[in-house]
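Counting the sequence shown from 1 gives a position; the numbering used here is that position plus 3. Every residue, glycine too, gets a C-beta built ideally from N, C-alpha and C.
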Amino acid sequence: MKDLDVVVSKPTGHYSGVVQYDYGKTVSGSVFEQTGSLNKPPSVLLTAIADLESNHLLGNTQIPQFLTKILDDYPDLEHGGSQAASVYLAANKSAAAETVFQRALRTAETVRGPNDTSALETTFNLGVLYRTQGRLPEAEKMLTRALHGFEKTLAPDHLSALRTAHALALVYKDQSKLAQAETLGRRAVTGLSSALGESDIQTAYAMRDLGLIYRDEGKTADAARLCHAAFTTLQSALGDGHPETLIALRDLGSVRGYSGNPMRAEEMCRRALEGFERSPLGADHVATLLTVDYLGVALHSQGKAEAETMLGRALAGFETRLGADHVFTLNTVIHLGEWYSSRQDLDAAARMYRRAATGFERTMGPRHVCTLRTMNKLAFVYAQCGRPQEAETIYRKVLAGFEGTLGRHNAETQLVATRLRVLELDPESSSAQVTSEISTGTA
């Protein structure tokens, strides 16, 4: 009887599993011969994680209560590495999770090296945690490390690398580093579409987020196409009331607003808000508060006084849930400043812009584009309300910063240079120029 070697591999990515055999031990020159292929795993396995996430988000689970009790009953579990950190995260104990992740990362890197997959997974998890906490420079650093490690250890098109590219794209987006965000977002969508299919939930998440990057870049047609496709996929897979579907609806509404249709944006954001408020997430969840903020922006675009109420509600919620310096909080402060500026309540507008600029400087640094853009808005208001010297001082700082980060010929840099020249030539006329720019929406 001949000796027989049999090789079986499981399906992974866009490669099917195979069954092969080899008589190489007894037949000279024989090679492995493919004799069949394995079927794709059943949908119940492919969607198991999504189903668990769905139940968790919708409140149809007692897992957080169980995890909290486990941590209280067995404090030694803290030494269990990344698994224990994930338990802390699920129990909403982010500070404890960070401590355990850091300890696990040090251990993994010391014992197995920085490019060991378990070390890279922990690095990825730390990056995601830092983004949740609003610590964006730290999140960028950790996710960049994880991405390079996965590319080297596994492959650029491995699902772990694609997942990390997606997460890093969001961190770049949050920091207004849109060129880098688009590059990684496109890579994630292309890779996930190839590996999992365009109708997969993970692909839909990546498409939705790339759509928001396009929105921020002003590519509204591409943004609408991707956000609509993501919404359709999630609605079909998860249902109308699932939080991820509601997020996609809200994001699509925001894109409609950027496309010049604030009434449609208001309608879609209201639908999403009603869904969140009816769901177990409730009125104070971060996803709900983001929807309130988006709705406030849509109302502002129509000049509706309800905008101030909605933006104030979002701000109060973010301050309580995330803290005064989280990027979501600071963005809402800016939105309130824009509302007050449009109402000619310049003192209130200046107060909001000063607060946002201080927050961005504290969390991202004085030369970060988010800090500089907010300072530009503050100088703009100062010029309008008769404070030309303060406006000039700030404009000079912004101009130097933009030239260093965006380049001398960038449109934003040129606009600041123009405003500064006008202010220097005739401080009294700058107020009229500012009023004209507000009316045309260029502030």
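*Within the stretch 155 to 185, note down every full beta strand (DSSP E) run reaching 3 residues or more, in order along the chain.*
Listed in chain order, there is nothing to give.
*Leaving out five residues before and five after R259 in sequence, what residues of the same chain have Cβ atoms less than 6 Å from its Cβ?*
Taking the sequence shown and counting its residues from 1, the one referred to as residue 259 is at position 256. Cβ-Cβ distances below 6 Å link R259 to R267, A268 in the same chain, with the five nearest sequence neighbours on each side left out; the list follows chain order.
*Rounded C-alpha distance that separates G389 from T408*: Here residue 389 refers to the residue found at position 386 when the sequence shown is read from its first residue. Here residue 408 refers to the residue found at position 405 when the sequence shown is read from its first residue. C-alpha separation (whole angstroms): 29 Å.
*Which whole-angstrom value describes the C-beta separation of L381 and R357, a residue pair presumed to lie in contact below a C-beta threshold of 8 Å?*
Walking along the sequence shown from the start, residue 381 turns up at place 378. Walking along the sequence shown from the start, residue 357 turns up at place 354. Correct: roughly 6 Å between the Cβ atoms.
*Does DSSP classify S262 as helix, strand or coil?*
Taking the sequence shown and counting its residues from 1, one reaches residue 262 at position 259. It is coil, neither helix nor strand.
_Taking its Cβ as the centre, do 16 or more other Cβ atoms sit within 10 Å of S304, making it buried, or is it exposed?_
The residue given as residue 304 occupies position 301 in the sequence shown. Buried is the call here.
*Return helix, strand or coil for L402, following the three-state DSSP convention.*
In the sequence shown, the residue the question calls residue 402 occupies position 399. Secondary structure at L402: helix, using DSSP grouped into helix, strand and coil.
*Which one of D160, P283, A319 has the shortest CA to CA distance from D296?*
Position 293 of the sequence shown holds residue 296. Answer by Cα proximity: A319.
*How many angstroms separate the CA atom of R399 from the CA atom of F363?*
Reading the sequence shown from its first residue, position 396 is the one you call residue 399. Reading the sequence shown from its first residue, position 360 is the one you call residue 363. Rounded to whole angstroms, R399 to F363 spans 18 Å at the Cα level.
_Quick check on the burial criterion: 16 or more other C-beta atoms within 10 angstroms. Buried or exposed for R281?_
To locate residue 281, count along the sequence shown from 1; it is residue 278. R281 is exposed by the Cβ-count criterion.
_On the criterion of 16 or more Cβ atoms from any shown chain inside 10 Å, does K155 qualify as buried, or is it exposed?_
Counted from its first residue, the sequence shown places residue 155 at position 152. The C-beta of K155 has fewer than 16 other C-beta atoms within 10 Å across all chains shown, which makes the residue exposed.
*Three-pair Cβ contact test at 8 Å for the stretch 132 to 146 versus the stretch 163 to 182*: Pairwise C-beta distances place the stretch 132 to 146 in contact with the stretch 163 to 182, as three or more of them are shorter than 8 Å.
_Let me check understanding here. Comparing Cα to Cα, which of R190, R189, A142, T193 lies closest to D177?_
Within the sequence shown, numbered from 1, the residue matching residue 177 stands at position 174. Minimum Cα distance to D177 is reached at A142.
*Taking only the alpha-carbon atoms, compute the straight-line gap between A317 and T335 and give it to the nearest angstrom.*
Translated into the one-based positions of the sequence shown, residue 317 becomes position 314. Translated into the one-based positions of the sequence shown, residue 335 becomes position 332. Those two C-alpha atoms are separated by around 7 Å.
*Bounding residues of the alpha helix (DSSP H) (the contiguous stretch that carries R354)*: Within the sequence shown, numbered from 1, the residue matching residue 354 stands at position 351. Annotation: the continuous alpha helix (DSSP H) that includes R354 extends over 349 to 367.
*Check whether the Cβ atoms of D119 and A111 lie closer than 9 Å to each other.*
The residue given as residue 119 occupies position 116 in the sequence shown. The residue given as residue 111 occupies position 108 in the sequence shown. Going by C-beta atoms, D119 is nearer than 9 Å to A111.
*Given that a residue counts as buried once 16 or more other Cβ atoms are within 10 Å of its Cβ, and exposed if not, what is S163?*
Working through the sequence shown from its first residue, we reach residue 163 at position 160. Label assigned to S163: buried.
_Along the chain, where does the alpha helix (DSSP H) containing C373 start, and where does it finish?_
Within the sequence shown, the letter at position 370 stands for residue 373. Run containing C373: 372 to 387, per the alpha helix (DSSP H) assignment.
*Between which two residues does the alpha helix (DSSP H) carrying R134 extend?*
Within the sequence shown, the letter at position 131 stands for residue 134. Its alpha helix (DSSP H) spans residues 120 to 135.
*How is Q205 classed by DSSP in three states: helix, strand or coil?*
Stepping through the sequence shown from its first residue, residue 205 is reached at position 202. Secondary structure at Q205: helix, using DSSP grouped into helix, strand and coil.
*As assigned by DSSP and simplified to three states, the class of P391*: To locate residue 391, count along the sequence shown from 1; it is residue 388. It is helical.
*Pick from Q347, I204, H288, E427: whose alpha carbon is nearest that of L325?*
Residue numbering aside, residue 325 sits at position 322 when the sequence shown is read from its first letter. When C-alpha distances from L325 are compared across Q347, I204, H288, E427, the shortest belongs to H288.
*For L195 and L252, the rounded distance between their alpha carbons*: Translated into the one-based positions of the sequence shown, residue 252 becomes position 249. Translated into the one-based positions of the sequence shown, residue 195 becomes position 192. Distance between L252 and L195, taken at the CA atoms: about 22 Å.
*The alpha helix (DSSP H) with A226 in it runs from where to where?*
By one-based count along the sequence shown, residue 226 stands at place 223. Residues 223 to 241.
*Do Q387 and L349 have their C-beta atoms within less than 9 Å of each other?*
As a working mapping, residue 387 is identified with position 384 in the sequence shown. As a working mapping, residue 349 is identified with position 346 in the sequence shown. A contact, by the Cβ cut-off of 9 Å.
*Enumerated in chain order, which unbroken segments of the alpha helix (DSSP H) with a length of 4 residues or greater are wholly contained in the stretch 248 to 335?*
Correct list: 265 to 281, 289 to 304, 309 to 324.
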